[in-house]
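Protein chains in written order, with this note's numbering: chain A, 14 to 213; chain B, 14 to 213.
Report on the structure given below.
Protein chains: 2
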Amino acid sequence: MSLRFALLALLTSRPMTGYDVSKQFSQSVAHVWHAPDSQIYPELNRMERDGLLESAVVPWGKKGTKKEYAVTEAGVKAFREWMDSPIEIRRQREPAYLKAAYLEWAEPGAARAELKQFRDHWTEHLAMLEATRATLVDRSHPTLARRLEHYDASEWDRIVRYKIFAYDGLIDQARAAITWAERGLLLVEELEGSPSTEPA
Amino acid sequence: MSLRFALLALLTSRPMTGYDVSKQFSQSVAHVWHAPDSQIYPELNRMERDGLLESAVVPWGKKGTKKEYAVTEAGVKAFREWMDSPIEIRRQREPAYLKAAYLEWAEPGAARAELKQFRDHWTEHLAMLEATRATLVDRSHPTLARRLEHYDASEWDRIVRYKIFAYDGLIDQARAAITWAERGLLLVEELEGSPSTEPA
DNA sequence: TGCCACTAACTATAGAGATAGGTAGTTTGT
DNA sequence: ACAAACTACCTATCTCTATAGTTAGTGGCA
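Structure (structure tokens):
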């Protein structure tokens, strides 16, 4: 059910169309919670049906229209309630660690390639996270800027520091993943120097 | 599709009944890939249908029987192929980081409680991981011991070190999560010393 | 003999999520 | 005038996961 609250979180910064939401998602909230637009549109509909959002049809060009969603009071209440409720703990489900545990079954070349792929993915991801973190620190992040408009300047520091805190957590994770993959590469070099032997 | 390969991984150590698998899962592979038995039983059936496993009905007590699954050659082949294929990258989907980014909406008390809950969950999890890691290092881990029987003693070190490597990654993750939660608790103390003010 | 915890093996159902499409209007550049 | 890219909004389908049951035999002990 977190998708619903990720959407509420985003829409508290300003009203948006489904399209806006799906674009914003890939730039900001997605670092924290990813969703494709095939999930976003139906969920927005359901949230409107449940009274958490209200929509206004606004003209777009000559003939076109678009639907802009705004969070209702009930939506704000639901979001606050979720914020105050215990977090759901996610179960471990990460193919990389599963594979790592059985690396004796892999071709040395494949093992190396996979560890590199994993490291490179996280390196890229880390760069994105650090770039976004920087836009939070200097407050140039567009969604953040829109969000701060609703608040008194005395609150800004508090709000921004929570966002940075979230990114710091993600950055730590990414760094840990990269370090781990690099250790893995060294391990494969050490153990698979000669052609691998097969189990009996 | 990783469940299928997690099951294959486990069953390469020795043939097992569905019940064994679901028990073993919670003790070993589950640290790396969690699944409830309502997923395990149907998946084992499908794997048998697909020829990756073969089952033998063995008597149990006076009237009872049980079904023991063993990996077929096709199963070994499928497992090896999966091991050599690129890892699927999981999208970020972690409610804790989502919440952290919007902590200005939470009651200070609730924010503290959640961060503590998160930290305590990971602390517990870390203890379990470290305990399991220790049984790998001294080779007292039962599933590992059964697995090593299929291999020449010269291979043991290699196999064990990959398992330890996987656990090291999980341990790093757990430690990072705990450190992050503790930083969060300090942050909440710093920012929420006085009663929180509401957005305009 | 009766009870209880455990072993064994599921089923049913709903919701979440991934992948892959489709349709129609708008804006921009050539 | 036309194409290409972008905005807007979905739908369909399949698989994956979570939660909560069900049914039946086993082994021990009070």
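Using N, Cα and C, we set each Cβ at its ideal position, and we do this for glycine too.
**Q.** Same chain, Cβ closer than 7 angstroms to Ser68/A, neighbours up to 5 away in sequence not counted
**A.** Counting only residues of its own chain and dropping the five nearest sequence neighbours on each side, Ser68/A has a CB closer than 7 angstroms to the CB of Glu61, Lys80, Glu81 and Tyr82.
Q. Helix, strand or coil: how does DSSP classify Glu67/B here?
A. When secondary structure is reduced to three states using DSSP, Glu67/B falls in the strand class.
**Q.** beta strand (DSSP E) segment containing Gly77/B, residue limits
**A.** Per DSSP, the continuous beta strand (DSSP E) segment holding Gly77/B begins and ends at Gly77 to Val84.
Q | Nearest neighbour of Arg146/A, chosen from Leu183/A, Met14/A and Arg59/A [CA to CA] | A | The option with the nearest alpha carbon to Arg146/A is Leu183/A.
Q | Closer than 8 angstroms at the beta carbon, the chain B residues around Leu200/A | A | Result: Arg174, Tyr175 and Phe178.
Q) Cβ of Val34/B within 8 angstroms of Cβ of Ala179/B? A) In this structure, Ala179/B does not lie closer than 8 angstroms to Val34/B by Cβ.
Q) If you drop the 5 nearest sequence neighbours on each side, which residues of the same chain put their C-beta closer than 8 angstroms to that of Gly31/B? A) The residues are Asp50, Ile53, Tyr54, Leu57, Lys80 and Tyr82.
Q.
Does the stretch 106-117 of chain A come into contact with the stretch 159-175 of chain A, if we say contact requires no fewer than three beta-carbon pairs (one atom in each stretch) closer than 8 angstroms?
A. Look at the beta carbons and you see the stretch 106-117 of chain A not touching the stretch 159-175 of chain A: under three pairs across the two are nearer than 8 angstroms.
Q.
Cβ closer than 7 angstroms: which chain A residues qualify as neighbours of Val45/B?
A. Correct list: Gln105, Tyr110, Leu111 and Ala114.
**Q.** Inter-residue Cα distance where the pair is Ile177/A and Val89/B
**A.** Cα-Cα distance, rounded: 46 angstroms.
Q) Arg106/B by DSSP, collapsed to three states: which one? A) DSSP places Arg106/B in strand when its eight states are reduced to three.
Q.
By the DSSP assignment, the alpha helix (DSSP H) with Asp181/B in it spans what residues?
A. Run containing Asp181/B: Ala166 to Leu204, per the alpha helix (DSSP H) assignment.
Q. The alpha helix (DSSP H) spanning Val34/B covers which residue range?
A. Gly31 to Gln40 is the span of the alpha helix (DSSP H), which, as asked, contains Val34/B.
Q: Measure from the alpha carbon of Asp63/B to the alpha carbon of each residue in Thr85/B, Pro72/B, Leu161/B and Ala119/B, then state which is nearest.
A: Checked all of Thr85/B, Pro72/B, Leu161/B and Ala119/B; the closest Cα to Asp63/B is Thr85/B.
Q) Among the residues of its own chain, which have a CB less than 8 angstroms from the CB of Leu23/A, if the five just before and after it don't count? A) For Leu23/A, same chain residues with a beta-carbon under 8 angstroms away, outside a window of 5 residues either side, are Met29, Val34, Gln37, Phe38, Ser41, Val42 and Thr156 in chain order.
Q. For Thr25/B, is the classification buried or exposed, using 16 other Cβ atoms within 10 angstroms of its Cβ as the cut-off for buried?
A. When all chains shown are included, Thr25/B counts as buried.
Q) At what residues does the alpha helix (DSSP H) containing Ala43/A begin and finish? A) For Ala43/A, no alpha helix (DSSP H) encloses it, and the DSSP letter there is neither H nor E.
Q) What separation, rounded to the nearest whole angstrom, lies between the Cα atoms of Glu211/A and Leu21/B? A) Because the pLDDT of Glu211/A is 49, which lies under 50, any placement of that residue in the model is unreliable, and the number read from its coordinates should be weighed accordingly. In this model, Glu211/A and Leu21/B are separated by some 17 angstroms (Cα to Cα).
Q | Inter-residue Cα distance where the pair is Arg125/A and Leu116/A | A | C-alpha separation (whole angstroms): 10 angstroms.
Q.
Check whether chain B comes within 8 angstroms of Ile102/A, counting only Cβ atoms and requiring the distance to be less than that.
A. Residue contact check for Ile102/A against chain B: a CB pair falls below 8 angstroms.
Q) What residue from Ser153/A, Arg106/A and Ala119/A has the CA that sits closest to Trp95/B's CA? A) That would be Ala119/A, whose Cα lies nearest to the Cα of Trp95/B.
**Q.** Supposed close pair His138/A, Arg106/B - CB separation, criterion 8 angstroms
**A.** Contact annotation, His138/A with Arg106/B: C-beta distance approximately 14 angstroms; criterion of less than 8 angstroms not satisfied.
Q) Would you say the beta carbon of Glu120/B comes nearer than 7 angstroms to a heavy atom of the ligand NAP? A) Only the bare structure without any ligand can be found here, which leaves the ligand NAP out of the picture.
(Q) By the three-class DSSP mapping on this structure, what secondary structure does Pro99/A have? (A) Here Pro99/A sits in coil by DSSP.
Q: Closer than 7 angstroms by C-beta to Leu149/A: which residues in its own chain qualify, once you throw out the five before and the five after it? Chain order, please.
A: These residues qualify, in order along the chain: Leu157, Val173, Lys176, Ile177 and Tyr180.
Q: Using the Cα positions of Glu202/B and Arg152/B, report the straight-line distance between them to the nearest angstrom.
A: One alpha carbon belongs to Glu202/B, the other to Arg152/B, and they sit about 44 angstroms apart.
Q: Would you mind reading off the limits of the alpha helix (DSSP H) that contains Met60/A?
A: Here the alpha helix (DSSP H) through Met60/A covers Asp50 to Arg62.
Q. Arg93/A touches chain B at which residues, Cβ-Cβ below 7 angstroms?
A. Residues of chain B passing the Cβ test: Trp118.
Q. Of the residues Trp135/B, Ala166/B, Arg159/B and Ser167/B, which one's Cα is nearest the Cα of Thr192/B?
A. That would be Trp135/B, whose Cα lies nearest to the Cα of Thr192/B.
Q: Would you tell me roughly how many angstroms separate the C-alpha atoms of Trp73/A and Arg59/A, rounded to the nearest one?
A: Trp73/A and Arg59/A: Cα-Cα distance of roughly 24 angstroms.
Q | Residues that Gly5/A contacts on chain B, provided the C-beta gap is smaller than 7 angstroms | A | Outside the displayed range of chain A (14 to 213) lies residue 5/A, so it cannot be described from this structure.
**Q.** 8 angstroms contact criterion, which Ser15/A and Pro108/B should meet: CB distance rounded
**A.** Your pair Ser15/A and Pro108/B checks out as a contact, with CB atoms roughly 5 angstroms apart and the cut at 8 angstroms.
**Q.** Whole-angstrom distance between Val71/A and Ala189/B, CA atom to CA atom
**A.** Separation of Ala189/B and Val71/A (C-alpha to C-alpha, rounded to the nearest whole angstrom) is 46 angstroms.
Q | Residue closest to Leu204/A, alpha-carbon to alpha-carbon, out of Ser167/B, Leu66/B and Glu101/B | A | Minimum Cα distance to Leu204/A is reached at Ser167/B.
**Q.** First through last residue of the alpha helix (DSSP H) which encompasses Leu23/B
**A.** Membership of Leu23/B in the alpha helix (DSSP H) is indicated by the continuous run Ser15 to Leu24.
Q: Check the DSSP bridge columns for Trp73/B and list the partner residues they point to.
A: In the DSSP output, where bridge partners are listed per residue, Trp73/B has Gly77/B.
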